[in-house]
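Colleague: Heads up: the protein sequence lines correspond to chains E and X, in order. To convert, note that position 107 of the first sequence is 107 in the working numbering; the numbers rise steadily by one, no gaps. Numbers given in the working numbering equal positions in the second sequence, counted from 1, plus 336. Ideal Cβ placement from N, Cα and C applies to all residues, glycine included. Remember, it's a predicted structure, so these values are computed and weren't measured experimentally.
2 protein chains.
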Amino acid sequence: MSDRFLLACRSEEVDCTPVWFMRQAGRCLPEYRAIRKHHSLLEIVRQPELCTEVTLQPVDRFGVDAAIVFSDITLPFLGLGVQFEIQSGVGPVVESPLREPVDVERLSVFDPHSDVAELFAAIDLIRRASAVPVIGFAGAPFTLAAYLIEGRPSRRFHLVKGFMHQHPGAWRRLMEQLTDATIAYLAAQVEAGAQALQVFDSWIGALSPSDYRASIQPHMERLFGSLPPVPTIHFGTDTAGLLPSLAEAGGDVIGLDWRIDLDRGWEIVGDRGIQGNLDPVVAAGPWEVAERQTRAILAAAGGRRGHVFNLGHGVLPHTPVDNLKRLVELVHEETA
Amino acid sequence: MSDRFLLACRSEEVDCTPVWFMRQAGRCLPEYRAIRKHHSLLEIVRQPELCTEVTLQPVDRFGVDAAIVFSDITLPFLGLGVQFEIQSGVGPVVESPLREPVDVERLSVFDPHSDVAELFAAIDLIRRASAVPVIGFAGAPFTLAAYLIEGRPSRRFHLVKGFMHQHPGAWRRLMEQLTDATIAYLAAQVEAGAQALQVFDSWIGALSPSDYRASIQPHMERLFGSLPPVPTIHFGTDTAGLLPSLAEAGGDVIGLDWRIDLDRGWEIVGDRGIQGNLDPVVAAGPWEVAERQTRAILAAAGGRRGHVFNLGHGVLPHTPVDNLKRLVELVHEETA
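(1) In its own chain, which residues sit with a C-beta less than 7 Å from the C-beta of X/Asp401, not counting the 5 before and 5 after it?
(2) Does E/Gln198 pass the burial test, meaning 16 or more other C-beta atoms within 10 Å, or should it be called exposed?
(3) On the criterion of 16 or more Cβ atoms from any shown chain inside 10 Å, does E/Ile268 qualify as buried, or is it exposed?
(4) Please compile the residues from chain X whose C-beta is within a distance smaller than 7 Å of the C-beta of E/Asp238.
(5) For the region 139-167 of chain E, which residues have a beta carbon sitting closer than 7 Å to at least one beta carbon of chain X?
(6) Which residues does DSSP pair with E/Phe21 in a beta bridge?
(7) Mind checking the region 642-666 of chain X against chain E and listing, in chain order, the residues whose C-beta falls within less than 8 Å of any C-beta there?
(8) Going by beta carbon distance, what residues of the same chain come within less than 7 Å of E/Cys51, once the five residues before and after it are set aside?
(9) What does the alpha-carbon distance come out to for the pair X/Asp658 and X/Arg363?
(10) Expressed to the nearest angstrom, what Euclidean distance is found between the alpha-carbon atoms of X/Trp594 and X/Thr391?
(11) Please name the residue, chosen from X/Thr655, X/Ser466, X/His555, X/Thr515, that lies closest to E/Gly162 on a Cα-to-Cα basis.
(12) Which of the three DSSP states, helix, strand or coil, is assigned to E/Ile86?
(13) Give a yes or no on contact between the region 112-126 of chain E and the region 187-196 of chain E, applying the rule of three or more CB pairs nearer than 8 Å.
(14) Give the range of the alpha helix (DSSP H) segment to which E/Gln217 is assigned.
(15) Just by C-beta distance, which residues in the region 201-227 of chain E are closer than 9 Å to chain X?
(16) Just the chain E side, please: which residues come within less than 9 Å of X/Gln629 by C-beta, in chain order?
(17) Hey, how far is the Cα of E/Gln275 from the Cα of X/Asp447?
(18) X/Ala632 versus chain B: which residues are under 8 Å apart at the beta carbon?
(19) Among X/Pro545, X/Leu484, X/Gln360, which has the Cα closest to the Cα of X/Leu411?
(20) Taking any Cβ of chain X, which residues in the region 83-113 of chain E have a Cβ under 8 Å from it, in chain order?
(21) Among E/Pro286, E/Arg326, E/Ile260, E/Gly306, which residue has its Cα nearest to the Cα of E/Arg10?
(22) From the DSSP output, which residues share a beta bridge with E/Gly369?
(23) So the candidates are X/Gly472, X/Pro384, X/Asp451, X/Gly427; which of them puts its Cα closest to the Cα of X/Arg567?
(24) So which residues of chain X does E/Val282 contact, with C-beta pairs closer than 7 Å?
(25) Mind checking E/Ala299: buried by the 16 CB within 10 Å criterion, or exposed?
(26) So for X/Ala672, helix, strand or coil by DSSP?
(27) Is it buried or exposed, E/Ile204, if we count other Cβ atoms within 10 angstroms and call 16 or more buried?
(28) Going by beta-carbon coordinates alone, are X/Glu385 and X/Leu495 separated by less than 8 Å?
(29) Tell me whether the beta-carbon of E/Val93 lies closer than 8 Å to the beta-carbon of E/Gln87.
(30) Would you kindly work out how many angstroms separate the C-alpha atoms of E/Leu316 and X/Asp599, rounded to a whole number?
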């Protein structure tokens, strides 16, 4: 078993730069799409054998250096008592979005062990079957709140930001509850076998740095301060202006999207690991462009310890399987 | 007539910090909505008296220090031979989006004087009637291309970015043609009476810095190098990671969105003016929050010459008129 991924997360020496891809399980893989013909996303998550199969498919196909548990960041909504469905081509759609302070009171307390028990059975199976380290993950409180308040994927996040400013007390209670839920959820994943954790604050880049510092950062600091001692990756998109605060909040590795040069981003976050940051559109495009830009990213990393190669966000469904396979080979060869 | 706006654009001494708001004309103003009941956006643009009335409404209402010509960045599409409509609640929708290299060949050459003649009549009228400087504007080539290729406002800009990578030759021809069109369009606005120009590269933040440098920056440098000698503002959103390159491309003033602290942004772009950068959601929210964050922005500007106060993007339709009026007063008072 190669543990170059875990070594890189701790900024230790590696034989070559590790690679994995956000959304590597699913989407662009024909063997995944064959399973999805007969099973919904939530059905896969609830059947440990199936979840294990889907989680390990990209390890076999692409030769990536980590397996990320196949799941969805909205999974804790089941335990919070929030009805939702994952609509094809749209994403998670919440039946009754939170719009008033009183709506926060109707959330239940999420108990991972009883609410999503099958997932931990899956993680246990994955850990036994996997030749590479297993990453558990969760959505960060702001990103979860964005889904709960907007009700569906949003372009501008006006509703969640409006709620934050209009109802600061209810917002704080919501953040506290989602932070508690996320800590419990991630701790349970480690207990079940996850060897590293990624926190997806995917939509945090909608906020100004001042709003982040005032209304988000204290909760993120508590979150990172309460996790079990495994390597943690703190990821968001549109974060170029937030990086100083986001890095301060926590994470052994900071995940960058493609909107900042890797070396500039690394300089800002300082002495820790960095993950990224090829544009997923480039990964899906002509191989020559993907190759050229990957070489440029490796040059920006400059052989420094602590680089985990990844895309700047999730794999796009139309990405050629072959591009991802070649990306893994390219990064391994160039950094060996 | 106060010319503190023009002075600030040139980083000269002012009596107090000038203020204007992107999308100040229209949207949140009841007197504008009354006109829109009987006239479409394009009808207003085509009737110089009506266009002048709508352009000057916010100057009277809010006391802003500049008037921006009421128009839309898609207006040149009329001359490029692209059929489109501005759909309520959606934005510009193009009938036949460009998807293949051959589609670029079907664009006509935009001739501002014949294609949008009424707009220049409007600018002439506005200039005579306005007590404050008049800003002309245009969309930047990438942002125009995003509309032409995506066909409608997009969340992720996969199609335009895919086109750029798959068809570099056609992309270059498209950028050259849109750059030519934009230069001619902005020059004609100055000829008609515009005293400053803002270039809206609203969606440029979808790109990585390396794609910006390779595929956009040369065109933007030519654009800014070819404009008449009036103050220019270079604006985009999601640009925190692009700022070094964007500033290098040109503009006397760099317009920031709210995703970066004003002082950090100013430090990056260096010795020139800065515009921004209150989050429009905050401007639309509780007054106390808008006031607190505005004071923080003024503190970050620190009384340095060259600050033009604005929102980080356009005024939202639900913004209370009173908030905008009070913001103008607050900025003027605090910086006098």
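Modeller: Quick answer:
(1) Ser338, Arg340, Phe341, Pro354, Val355, Trp356, Val468
(2) buried
(3) buried
(4) Within 7 Å Cβ-Cβ: Asp574, Arg595.
(5) Arg155, His158, Lys161, Gly162, His165, Gln166
(6) In the DSSP output, where bridge partners are listed per residue, E/Phe21 has none listed.
(7) Gly648, Leu652
(8) Ile44, Val45, Phe70, Ala122
(9) 14 Å
(10) 25 Å
(11) X/Thr655
(12) In the structure shown, the three-state DSSP call for E/Ile86 is strand.
(13) yes
(14) Here the alpha helix (DSSP H) through E/Gln217 covers 217-225.
(15) The region 201-227 of chain E vs chain X, Cβ under 9 Å: Gly205, Ala206, Leu207, Ser208, Pro209, Ser210, Asp211.
(16) Ser208, Ser210, Asp211
(17) Their backbone Cα atoms lie some 48 Å apart in a straight line.
(18) In the structure shown, chain B does not exist; the protein chains are E and X.
(19) Nearest C-alpha to X/Leu411: X/Leu484.
(20) none
(21) E/Gly306
(22) Nothing can be reported for residue 369 of chain E, as the shown portion of chain E is limited to 1 through 336.
(23) The question names Arg, but residue 567 of chain X in the sequence shown is Pro. Ranked by Cα distance from X/Pro567, the first of X/Gly472, X/Pro384, X/Asp451, X/Gly427 is X/Gly472.
(24) Per Cβ cutoff of 7 Å: His501.
(25) Label assigned to E/Ala299: exposed.
(26) coil
(27) buried
(28) no
(29) A distance below 8 Å separates the beta carbons of E/Val93 and E/Gln87.
(30) Those two C-alpha atoms are separated by around 36 Å.
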